Amino acid sequence: MGEPETITTSPFYFKLLGTCIAFLLLLSTLFGSVFMLFPFVFLIVIYPSLWRRFADILTGLWFLFPAGLLEILYGIKFTVTGDLISHTAPAIIIMNHRTRLDWLFFWNALYRMNPILLTTEKIILKFFLKLIPGAGYSMCCNAFIFLKRTFVKDQGSIDTILTYYRDTQNPYQILLFPEGTDKDDLGTSRSNAYADKFGLVKYNYVLHPRTTGFIHILKKLRELHYIDCVYDVTIGYADKIVQGEDDIVKLGVFPRNIHFDVERINVDDIEESDEGIEKWLKNRWEEKEKKLENFYSGNNAKSRTFHKDTKSTNYYTLTKQAKREMAMVVAFWILVVCSIFYLMITYIPVLIFFGVGILFFTSCQIFAGGIEFIMPKFVKSLDTYVGDEKRTLKNEDSK
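Per the UniProt record's numbering, the very first residue in the sequence shown carries number 1; after that it's consecutive.
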């Protein structure tokens, strides 16, 4: 049957609602980064491990805000199946990139598996997203990786942040999209042109993956001894597709039925050579194409599923308690936005503090490339510990 339609129009009241939601999310990230993260940036210098934990928890708490709006306000149904993602072991998460909102919807999947995953997930995103006031500040504090789409330019920053993850001694799960871009008309045409050039099959449901970045990241994490497994996540939209972040404002609508299926692969089962890793990734995408073809073979949203036999896999559902906690977090962030907005228009010192916070994060962007490149300077490298240990052993042997 093929994919459902991509929504391009909607009634005015949906657009108005979407604009209000987008404005609320923007203000929450702006106020959260300035009034909740900025006052504690001194911890980066004097207590970097506490800063890392604090920033992870606060941003994880914010991730639950849009996730809650999607569940409560829009009533989106999420079906999450497959292997459980562990928050206690470092890993790579790879996913097909059907829309530019995949990473947003994935928070709802993580919350169903284990809320702690919202504090341990890191995402590799396009560079322009870090330039968004508020959202960019908080994502930088959360040590996300931002790519300029040129590997030569990105390699140094990738290595710096990956090493920082290792040095914090926290187990993070790093989400990346090997396709490099979402499957819109332009992305599809480029993927098809690539297939024509190299005599490959043209895919209908995925794009041909770009292997260079994935190979480098996997090899770097192996070098750092900071990877346990790779999670292969497949996302499918059962009823309709909304393509981009800007559609939140332009359309104000979302898919109502989203499926995630997760498969865990032990890192030892992936070859270590560049050629072996490339072949492995391409094979995964070939399998993913078949998996999505089977998913979209259903005649309607109800018949589209990754597992026809419900007893053949794990299902992760949202409990009533989890939904209540989600509603409380949504209420908390709305209260934060309203309270800070009132204080800003009422008290000049609050407005001045807001300006100072904006100036700080902007300065970090201009002079350091982002606060995420300042944080590693104050975390002692584990390589240093290894070097100290070797020197100690050498001195003992000489005695």
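Virtual Cβ for every residue (Gly too), placed ideally from N, Cα, C. Nothing here was measured: the structure is a model prediction, and the numbers come from that model.
With fewer than 16 neighbouring CB atoms inside 10 Å of its own CB, Lys153 falls in the exposed class. The three-state secondary structure of Arg112, taken from DSSP, is helix. Your pair Cys140 and Ile371 checks out as a contact, with CB atoms roughly 5 angstroms apart and the cut at 8 angstroms. Within the UniProt domain "Phospholipid/glycerol acyltransferase" (91-215), the complete alpha helix (DSSP H) segments at least 4 residues long are 102-113, 117-120, 135-141, 151-168, 185-198, listed from N- to C-terminus.
With 16 or more other CB atoms across the displayed protein chains lying within 10 angstroms of its CB, Glu121 is buried. Look at Thr79 here: in three-state DSSP terms it is strand. Nearest to Leu50 by C-alpha distance, out of Asp269, Cys20, Thr168, is Thr168. In the three-state reduction of the DSSP assignment, Asn294 falls in the helix class.
In this structure, DSSP gives Phe254 a state outside helix and strand, which the three-state scheme calls coil.
Given a length threshold of 4 residues, each whole run of the alpha helix (DSSP H) inside the region 37-85 is given here in chain order: 43-46, 48-72. In the same chain as Gly136, and ignoring 5 residues on each side of it, the C-beta atoms closer than 6 angstroms to its own belong to Lys130, in chain order. Around the Cβ of Val337, a 10 Å sphere holds 16 or more other Cβ atoms; the residue is buried. An exposed status is given to Val201, since fewer than 16 other beta-carbon atoms sit within 10 Å of its beta-carbon.
CA-CA distance, Thr59 to Gly199, rounds to 44 angstroms. Remark: C-beta atoms of Ala22 and Ile248 approach each other more closely than 7 angstroms.
For Ile235, the uninterrupted beta strand (DSSP E) segment begins and ends at 229-237.
With a cutoff of 7 angstroms on beta-carbon distance, Ile227 and Val267 are scored as near each other. Around the beta-carbon of Leu186, fewer than 16 other beta-carbon atoms lie within 10 Å, marking it exposed. Excluding five sequence positions before and after Cys364, the CB atoms of its chain that fall closer than 8 angstroms to its own CB belong to Cys140, Gly370, Ile371, Ile374, given in chain order. Nearest to Ile132 by alpha-carbon distance, out of Phe361, Phe54, Pro376, Lys320, is Phe361.
Fewer than three pairs of CB atoms, one per stretch, sit closer than 8 angstroms, so the region 39-50 makes no contact with the region 265-282. Contact between Val233 and Ile93 holds: their C-beta atoms lie close to 6 angstroms from each other, under 8 angstroms.
Looking at the DSSP output, Val267 sits in no beta bridge, so it has no partner there. Non-local C-beta neighbours of Thr29 in its own chain, meaning closer than 6 angstroms and more than five positions away in sequence, comprise Gly134, Ala135, Ser138, ordered along the chain. With fewer than 16 other Cβ atoms from the protein chains shown falling within 10 Å of its own Cβ, Met1 counts as exposed. Nearest neighbour of Asn96 by Cα position, chosen from Ile161, Ser339, Tyr203, Thr317, turns out to be Tyr203.
Short of 7 angstroms from the beta carbon of Lys148, and not among the five residues preceding or following it, lie these beta carbons of its own chain, in chain order: Phe127, Asp154. Pairwise C-beta distances place the region 175-189 in contact with the region 208-216, as three or more of them are shorter than 8 angstroms.
Between Thr81 and Tyr315, the C-beta gap is smaller than 7 angstroms, which places the two residues in contact. In the displayed model, Thr362 falls within a helix according to three-state DSSP.
CA-to-CA, the gap between Thr9 and Met326 works out to about 30 angstroms. Annotation: the continuous alpha helix (DSSP H) that includes Gly32 extends over 12-32.
Gln243 and Val330 have their C-alpha atoms spaced approximately 25 angstroms apart. For Phe306, the three-state secondary structure derived from DSSP is coil.
Ranked by Cα distance from Leu61, the first of Trp285, Trp107, Leu224 is Trp107.
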